[in-house]
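To keep things clear, I will list the structure first and then write my remarks on it.
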Amino acid sequence: MANETVITVVGNLVDDPELRFTPAGVAVAKFRIASTPRIFNKTTNAWEDGGALFLTCSVWRQAAENVAESLTKGMRAIVQGRLKQRSYEDGQGVKRTVYELDVDEVGPTLARATVKVTKNPAGGGQATAGQSPTDDPWAGAKPANGQQQGGGWGNPPVQQQPAAQGAGYSDEPPF
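Position in the sequence shown (first residue = 1) + 94 = my numbering.
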């Protein structure tokens, strides 16, 4: 949306994501992430930690359930979302302002870890009994126009390959 501050933060989860549900049954997960910059000090010729940024993050719906199941305290993650400012008065009557992140995208970093991705079923939610995560509803799909498909991404459909038409590649997407 216009006039929203979208930021990307890379850091470590400070606590385990807390999954809750609204009265309407919508999932929301809340977690905190800490991002600490590393600064090279030329006088000591060594890397030093800068000031840490702590952000409370909220993620909604299916992504909330995925975060609660996938991420834990201490994991390094990439979080992208809209930065929000909220003011309130604490129990002692002191006015406070906090910055929070409404998360659009989140995932583990792969700089020092590996991840095995399991796709959720097309309708959202978790796989049901008898359904394996590898059951891809699109795996057997045929193109709507009846054309044969080419050799994968970047290759045009069989009918559009240069040998068949004697011409260059088409501007049409391969799907």
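Here a beta-carbon is modelled for each residue, glycine too, at the ideal position from N, C-alpha and C.
State the beta-bridge partners of Thr282 as determined by DSSP.
Since the first and last residues shown for the chain are 95 and 269, residue 282 lies out of range.
Are there 16 or more other CB atoms within 10 angstroms of the CB of Ala223, so buried, or fewer, so exposed?
The count along the sequence shown starts at 1 and reaches residue 223 at position 129. Residue placement at Ala223 is poorly supported in this model, since its pLDDT is 44, which falls under 50; the coordinates still yield a value, given next. It counts as exposed.
Beta-carbon separation of Ala118 and Glu159 under 8 Å?
Taking the first residue of the sequence shown as position 1, residue 118 is located at position 24. Taking the first residue of the sequence shown as position 1, residue 159 is located at position 65. Not a contact, by the Cβ cut-off of 8 Å.
Could you give the distance in angstroms between the alpha-carbon of Glu194 and the alpha-carbon of Lys136?
Here residue 194 corresponds to residue number 100 of the sequence shown, with the count starting at 1. Here residue 136 corresponds to residue number 42 of the sequence shown, with the count starting at 1. Cα to Cα, Glu194 sits roughly 34 Å from Lys136.
Please state the DSSP three-state secondary structure of Arg206.
For this step, residue 206 is matched to residue 112 along the sequence shown. Residue state, collapsed to three classes: coil.
What are the boundary residues of the beta strand (DSSP E) that includes Asn135?
In the sequence shown, the residue the question calls residue 135 occupies position 41. Counting along the chain, the beta strand (DSSP E) containing Asn135 begins and ends at Arg132 to Asn135.
Excluding the five sequence neighbours on either side, which residues of its own chain have a C-beta within less than 7 Å of the C-beta of Gln179, listed in chain order?
Within the sequence shown, residue 179 is the residue found at index 85, counting from 1. The answer, listed in chain order, is Thr191 and Tyr193.
Excluding the 5 residues preceding and the 5 following Asp110 in the sequence, name in chain order all residues of the same chain whose CB lies nearer than 6 Å to its CB.
Reading the sequence shown from its first residue, position 16 is the one you call residue 110. These residues qualify, in order along the chain: Thr166 and Lys167.
To the nearest angstrom, how far is it from the Cα of Gly144 to the Cα of Gln186?
The residue you call residue 144 lines up with position 50 of the sequence shown. The residue you call residue 186 lines up with position 92 of the sequence shown. For Gly144 and Gln186, the distance between alpha carbons rounds to 31 Å.
Is the Cβ-Cβ distance between Ala171 and Pro131 less than 8 Å?
Looking up residue 171 in the sequence shown gives position 77. Looking up residue 131 in the sequence shown gives position 37. Not in contact: Ala171 and Pro131 (Cβ atoms no closer than 8 Å).
So, for Asp184: in the same chain, excluding its five sequence neighbours on each side, which residues have a beta-carbon less than 8 Å away from its beta-carbon?
Taking the sequence shown and counting its residues from 1, one reaches residue 184 at position 90. Excluding residues within five positions, the ones whose Cβ falls inside 8 Å are Arg190.
Take Lys124 and list the residues in its own chain whose beta-carbon comes closer than 6 Å to its own, dropping the five residues that flank it on each side.
Counting from 1 along the sequence shown, the entry for residue 124 is found at position 30. Same-chain partners within the cutoff: Glu112 and Ser152.
DSSP three-state call for Ala118: helix, strand or coil?
Translated into the one-based positions of the sequence shown, residue 118 becomes position 24. Coil at Ala118, not helix or strand.
Pull up the distance between the alpha-carbon of Gln174 and that of Tyr182, whole angstroms please.
Taking the sequence shown and counting its residues from 1, one reaches residue 174 at position 80. Taking the sequence shown and counting its residues from 1, one reaches residue 182 at position 88. C-alpha separation (whole angstroms): 25 Å.
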